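Quick note: to get the numbering used here, add 776 to the position in the sequence shown (first position is 1).
A quick write-up on the structure given underneath.
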Amino acid sequence: MDQSQLNWITSFIWNIADDVLRDVYVRGKYRDVILPMTVIRRLDALLEPTKQKVLDTKTMLDASNILQQDGVLRQTSGQAFYNTSLFTLRDLKARAKQQQLRADFEAYLNGFSPNVQEILDKFKFRNQIDTLIEADILGTLIEKFLDKDINLSPNPVLDDKGNPKLPGLDNHAMGTLFEELIRKFNEENNEEAGEHWTPRDVVKLMAQLIFKPIADKVESGTYLVYDGACGTGGMLTVAEETLAQLAAEHGKQVSIHLYGQEINPETYAIAKADLLLKGEGAEADNIKYGSTLSNDQFPALKFDFMLANPPYGKSWKTDLERMGGGDKKADLRDSRFVINHAGDPEYNLVTRSSDGQLMFLVNKLSKMKPNTPLGSRIAEVHNGSSLFTGDAGQGESNIRRWLIENDWLEAIVALPLNMFYNTGIATYVWVLSNRKPKNRQGKVQLIDATSWFKPLRKNMGKKNCELSAADLARICEAFLSLEESEQSKIFPNEALGYWKVTVERPLRLRVELTAEALARFRTACEAADEAPLANLAERLAAALGPGPHLDFNVVLQAVLADKASQLARQFLTICIRAIDYCPPIDLEFG
């Protein structure tokens, strides 16, 4: 199926919303019906050829009192899912009475396999049935999705002469269609889009930054790809496509397994459904629901490649409480975030509770493969606060120190402003690896790509520009060449770290300028090559007397206040000149 046919089907489904749902739903809620119905229709089309076999197998299993039926029914349907109800969507199309349609439609939904049930539950699609029935549009909606002018089945529709009338929709084309619908709905609700959907141009850049440097080192075999904030699954899909293409170009055969976790129920359902629609049932089972921070679903797994656009500026206080930290970060004992580093057995990588974005990066670093030739490569999007937030010794600063001292950070790429749908702030792609090539070891590359973009003809929310193919190539060239230029700067790791030292000096007000004290002070100054300080002290003693001076500040103020006196002018000049010689040590008189 060519792109024009795909675009036509996408537009047809998009128009169903306007034709059927207008005045019943506000535009922002169309997706609550259209996305799950698209999934249902595709699954229904895939299951039609084996429907009767599944029903017969179900009857046999029930008669034999076999309770564990899922695997057998999947095998019978030939898919990673099945439906054991007595109905198909075409059967429901003929229902004239709304109440009968409602009962049969609910029975039809209840007949799907557990993995599809979870998708429907997270879509909260059953909550829409009352509205659809009351508005008398459920039957119309089903009829539209069964329209003879579109075909969501993998098999072509034939005319009376047996010639293809409508081409079949293979898994890849169906996945592309579904992603296009998601994109259109996200653009329609652009204020929310950036929370769960990263623009495709940014995702392509991230995929190229982690795969291109090792393209010639990829061997035939199995690779695991992970996104701990997977949203609708777009990053995983692009990563899979990019790796598969690079492997094919180098004559390698790779098996790619996708893993993701998402906390938003609707976007989780979309991600899982997208993989099911592409025929990747096993991969769909690897998409897990829940919080990555407080309920990591893959604690024992290590991954080859990891990507993410974690939420930034978002509180994770609820996660902190669930992780046993209560209101105190010091009480948290998760081994991902409290580690042994730099001689500290409780080195703390816990950020402030108002922003947990770097915690997602730490989670990925804990899942790196330590003993493989390629190790693990990571690309993650952050805003500017990850670069500087956190004082020395605090979680954010500790995280930066930890990854720099381990020499994991390869590069940080500054993206153009207004790249995302819901924010115009500065964003950065961090690229990390625990297998840095020799020419990168001990170095961090900073790439300024803020001026490399193509303006959009029409803004999409706050997004007013995109990375063209030429821009992507330019950024990758700057990254791969590792050369200094106006947009590419290379620094040693040490240049990015610092120590914060607090010097506390006792408040000494009592001073004795005796001959013995001055002699000791001169000896110390000469040893430190600071003779001018000894000269200053002796001139002070001559002007003020040996003391003891019980409040030296009062004496100085009295001297300096007499601006008309020669002594005051001389003393002020001496003090100003002496500033250049003052060492960072505590000086004691007497």
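Here a beta-carbon is modelled for each residue, glycine too, at the ideal position from N, C-alpha and C.
Computed from a prediction, not measured in an experiment: that's the story for all the values here.
Problem set entry | C-beta contact flag for Arg878 and Ile909 at 8 Å | yes
Exercise. Once you ignore the five residues that flank Ala883 on each side, which residues in its own chain have a CB closer than 8 Å to its CB?
Worked result: The residues are Ser861, Leu862, Phe863.
Problem set entry | Euclidean distance between Cα positions of Leu1179 and Asp1110 | Using only the alpha carbons, I get a separation of about 18 Å.
Problem set entry | Whole beta strand (DSSP E) elements within the stretch 895-967, 3-residue minimum | 940-942
Exercise. Cβ atoms of Met1011 and Leu1069: under 8 Å apart, would you say?
Worked result: In this structure, Leu1069 sits away from Met1011, with a CB-CB distance that is not shorter than 8 Å.
Exercise. Grouping DSSP H, G and I as helix and E and B as strand, with all else coil, what is Ile1361?
Worked result: Note that Ile1361 scores 44 on pLDDT, short of 50, meaning its location in the model is unreliable; the coordinates nonetheless yield the value given after this. The three-state reading of DSSP puts Ile1361 in coil, since its state is none of H, G, I, E or B.
Exercise. DSSP on Thr1203, reduced to helix/strand/coil?
Worked result: strand
Exercise. Residues in its own chain within less than 8 Å of Lys827 by CB, not counting five upstream and five downstream?
Worked result: Asn859, Thr864
Exercise. Can you tell me where the beta strand (DSSP E) with Ile1188 in it begins and where it stops?
Worked result: 1185-1190
For this session: Pick out whichever of Lys1078, Gly1066, His1158, Met836 has its Cα sitting closest to the Cα of Lys898.
Result: Gly1066
Problem set entry | Alpha-carbon spacing of Thr833 relative to Val892, whole angstroms | 19 Å
Exercise. In three-state terms, what does DSSP make of Arg798?
Worked result: strand
For this session: Pair every Cβ in the stretch 1040-1051 with every Cβ in the stretch 1000-1008, then say whether three or more of these pairs are closer than 8 Å.
Result: yes
For this session: Evaluate Thr974 with the Cβ neighbour count: other Cβ atoms within 10 Å of its Cβ, from every protein chain shown; 16 or more gives buried, anything less gives exposed.
Result: buried
Problem set entry | Sequence-distant residues of its chain with Cβ nearer than 8 Å to Glu967 (five each side left out) | Its pLDDT being 48, under 50, Glu967 is placed unreliably in this model, and the coordinates cannot settle the point.
Exercise. Roughly how many angstroms lie between the CA atoms of Glu1181 and Arg976, to the nearest whole one?
Worked result: Distance between the alpha carbons of Glu1181 and Arg976 is about 33 Å.
Problem set entry | Sequence-distant residues of its chain with Cβ nearer than 8 Å to Val1030 (five each side left out) | Val994, Ser996, Gly997, Thr998, Tyr999, Leu1019, Ala1020, Ala1023
Exercise. So, Val1220 versus Ala1187, is the Cβ gap smaller than 8 Å?
Worked result: yes
Problem set entry | Cutoff 6 Å; reference Arg1298; Cβ partners in own chain excluding five residues on either side | Ala1310
Exercise. Alpha carbon to alpha carbon, what distance is there between Asn1062 and Leu1077?
Worked result: Distance from the CA of Leu1077 to the CA of Asn1062, rounded to the nearest whole angstrom, comes to 12 Å.
Exercise. In chain order, what residues of the same chain have a beta carbon less than 8 Å from the beta carbon of Lys920, not counting five sequence neighbours either side?
Worked result: So the list reads Ile792, Asp795, Val796, once near-sequence residues are dropped.
Exercise. How many whole angstroms separate the CB atoms of Leu822 and Gln855, which I take to be in contact at a CB cut-off of 8 Å?
Worked result: 6 Å
Exercise. What is the rounded straight-line gap between the Cα of His1325 and the Cα of Ala1295?
Worked result: 18 Å
Exercise. Where do the N-terminal and C-terminal ends of the beta strand (DSSP E) with Pro1231 fall, by residue?
Worked result: 1230-1236
Problem set entry | Local conformation of Pro1041 per DSSP, three classes | helix
Problem set entry | Three-state secondary structure (DSSP) of Asp1003 | It is a strand residue.
Problem set entry | Classification of Trp1275 by the beta-carbon crowding that lies within 10 angstroms, buried from 16 upward | exposed
For this session: Taking the CB atoms as reference points, tell me whether Leu1248 and Asn1240 lie closer together than 8 Å.
Result: no
Exercise. Given that a residue counts as buried once 16 or more other Cβ atoms are within 10 Å of its Cβ, and exposed if not, what is Val1001?
Worked result: buried
Exercise. Which residues does DSSP pair with Phe1255 in a beta bridge?
Worked result: DSSP output for Phe1255 lists no bridge partner at all.
Exercise. Would a C-beta distance cut-off of 8 Å place Ala1307 and Leu1289 closer than the cut-off?
Worked result: no
Exercise. Per DSSP, which one or two residues make a beta bridge with Met1082?
Worked result: Tyr1002, Ile1154
Problem set entry | Contact belief for Asp1167 with Asn1269 at Cβ below 8 Å, rounded distance in angstroms | Contact doesn't hold; Cβ gap of about 20 Å is too wide.
Problem set entry | Contact the stretch 1085-1097 vs the stretch 1130-1144: 3+ CB pairs below 8 Å | yes
Problem set entry | Given Leu1193 as reference, the closest of Lys873, Thr1226, Phe987 once Cα atoms are compared | Thr1226
Problem set entry | Closest residue to Thr1278 among Ile1032, Val1126, Gly1169, Lys1145 (Cα-Cα distance) | Nearest C-alpha to Thr1278: Gly1169.
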